[in-house]
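Asker: To start, I am sharing the structure in question, which I have written as structure tokens.
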Amino acid sequence: MGAQLRVYKRRIQAVTATKKITKAMEMIAASRIVKAQRKVAASMPYATELTRAVTAVATGSNAKHPLTTEAEAPTRAAVLLVTSDRGLAGGYSSNAIKAAERLRERLAGEGKEVDTYIVGRKGVAYYGFRERKVEEFWTGFTDNPAYSDAKRIAAPLIAAIQKETAEGGVDELHIVFTEFVSMMTQNAVDDRMLPLSLDEVAQESTRKGEILPLFEFEPSAEDVLDALLPRYVESRIYNALLQAAASEHAARRRAMKSATDNAGDLIKSLSRLANAARQAEITQEISEIVGGASALADATAGSDK
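Printed below as a string of structure tokens:
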């Protein structure tokens, strides 16, 4: 009984230590969510106005540009997958990877080859384990991305969309990331960055009661679109990275809270087992004492006779 009680006590100590760690990680993630949400909110106006400006330039001219022109027969697409660098975030990365796999199957069904670009060690490990080709990858900043990170990621994607398909270029750019909806809800989504769907932007502006601005182009609409292309791609990627970071922190907070609660339940269960073992040990000791006293009394009574 004593050995069993010691086992329970050691397990309680180990689970208690784990609970302290998960509780600390939960609190850290909760504090970082607020900062990430502020960054998402701060990036939205710039991205929105930039999209409206690009749409106004494209609708106000007949310029043909990779930013807005659909390929007649698209054969190749680039997909940027955003995952996390670290684990302990529940199904955050796996949900994004599943969304990327669904997008890949859909594009393949349309007869398009897919070039994959990845952000985050989890996505890199997933594709590396399956020996799948990855064009480029970036790691080390998923929980706190900066605009410079978005620029580094955007550079090869912009170069790919500007090339001819026969020269290794692509006809479409897609991004898969986790959209931050609320503290409890984060959805893995896929979004086509390029070519920009002018009809969808116009419909969204009409729904919101907005009027697209009118611009005069100097020197030309093509030059304006050339200048806006990197800014547009960078802003879309940056906004996606920020939303993914907020989603990662929210998912990690939720996962750590669940782990903390489970540790608490396990401690209670082990404490009950330890108490039961202790009671059984005490009962056995009392029985042994009573039995010994009874045997001694019997022996004494026999010697008196």
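Here our numbering runs 791 ahead of the position in the sequence shown, where the first position is 1. Idealized CB from N, CA, C, for every residue including glycine.
Okay, do the segment 835-850 and the segment 867-886 touch, 3+ Cβ pairs below 8 Å being the bar?
Answerer: no
Asker: Helix, strand or coil, according to DSSP, for Leu879 in the structure here?
Answerer: coil
Asker: Hey, out of Ser1049, Phe971, Arg897, whose CA is closest to Leu879's CA?
Answerer: Ser1049
Asker: If you draw a straight line from the C-alpha of Gln1034 to the C-alpha of Phe968, how long is it?
Answerer: Put simply, the backbone Cα of Gln1034 is about 8 Å away from that of Phe968.
Asker: Sort Ala1037, Ile1058, Arg1069, Gly959 by Cα distance to Ile819 and report the nearest one.
Answerer: Of the candidates Ala1037, Ile1058, Arg1069, Gly959, the one whose C-alpha sits nearest the C-alpha of Ile819 is Ala1037.
Asker: Would a C-beta distance cut-off of 8 Å place Ala941 and Glu1039 closer than the cut-off?
Answerer: no
Asker: Among Thr1074, Pro1021, Leu1061, Ala1046, whose alpha-carbon lies nearest the alpha-carbon of Gly881?
Answerer: Ala1046
Asker: Which residue wins for smallest C-alpha separation from Thr976, given the options Phe920, Arg1043, Ala832?
Answerer: Arg1043
Asker: With burial defined as no fewer than 16 other Cβ atoms inside 10 Å of the residue's Cβ, what is the status of Ala1067: buried or exposed?
Answerer: exposed
Asker: Assuming Leu987 is part of the beta strand (DSSP E), what are its boundary residues?
Answerer: From DSSP, Leu987 is part of no beta strand (DSSP E); its letter is neither H nor E.
Asker: Classify Val910 as helix, strand or coil using the three-state DSSP reduction.
Answerer: strand
Asker: State yes or no: is the beta carbon of Glu970 nearer than 8 Å to at least one beta carbon in chain B?
Answerer: The question asks about chain B, but that chain is absent: this structure has only one protein chain.
Asker: Which of helix, strand or coil does DSSP assign to Ala864?
Answerer: Of the three classes helix, strand and coil, the one that applies to Ala864 here is coil, per DSSP.
Asker: If I follow the unbroken alpha helix (DSSP H) through Ser939, where does it start and stop?
Answerer: 938-953
Asker: Below 8 Å between beta carbons: does that hold for Tyr918 and Thr930?
Answerer: no
Asker: Report the CB separation of Pro865 from Ala945 in whole angstroms; it is logged as a contact under 8 Å.
Answerer: Pro865 to Ala945, Cβ: 20 Å. No contact.
Asker: For Met974, collect the residues of the same chain with a Cβ closer than 6 Å to its Cβ; drop the 5 residues on either side in sequence, then sort them by chain order.
Answerer: Answer for Met974: Ala1041, listed in chain order.
Asker: Is Arg921 closer than 8 Å to Ile966 when the C-beta atoms are compared?
Answerer: no
Asker: Beta strand (DSSP E) containing Thr969: first to last residue?
Answerer: 963-971
Asker: Should Ser1085 go down as buried or exposed, given a rule of 16 or more other Cβ atoms within 10 Å for buried?
Answerer: exposed
Asker: What did DSSP end up calling Phe920 once you bin it into helix, strand or coil?
Answerer: helix
Asker: Mapping the DSSP letters down to three states, classify Val845 as helix, strand or coil.
Answerer: helix
Asker: Does the beta-carbon distance from Leu964 to Ala869 come in below 8 Å?
Answerer: yes
Asker: Does DSSP classify Val873 as helix, strand or coil?
Answerer: Strand.
Asker: Between Ser834 and Ala862, what straight-line distance do the alpha-carbon atoms span, to the nearest angstrom?
Answerer: 30 Å
Asker: To the nearest angstrom, report how far apart Lys810 and Lys903 are at their CA atoms.
Answerer: 48 Å
Asker: For the beta strand (DSSP E) that contains Glu958, what are its first and last residues?
Answerer: Note, Glu958: premise wrong, no beta strand (DSSP E); not H, not E.
Asker: Along the beta strand (DSSP E) that carries Asn927, what are the first and last residues, could you check?
Answerer: Correcting the residue identity first, residue 927 is Glu in this sequence and not Asn. Element bounds for Glu927: 927-929.
Asker: Pull up the distance between the alpha-carbon of Val961 and that of Gln828, whole angstroms please.
Answerer: 33 Å
Asker: For Ile1080, does the count of other Cβ atoms within 10 angstroms reach 16, so buried, or fall short, so exposed?
Answerer: By the 10 Å Cβ count, Ile1080 comes out exposed.
Asker: Going by DSSP, what residues sit across from Lys1054 in a beta bridge?
Answerer: What sits at residue 1054 in the sequence shown is Ala, not Lys. DSSP, once it has assigned bridges, lists no residue as partnering Ala1054.
Asker: Enumerate in chain order the residues of its own chain whose CB-to-CB distance from Ala951 is below 6 Å, with the five nearest sequence positions on each side excluded.
Answerer: Ala869, Gly960, Val961
Asker: According to DSSP, which residues form a beta bridge with Gln977?
Answerer: Phe971
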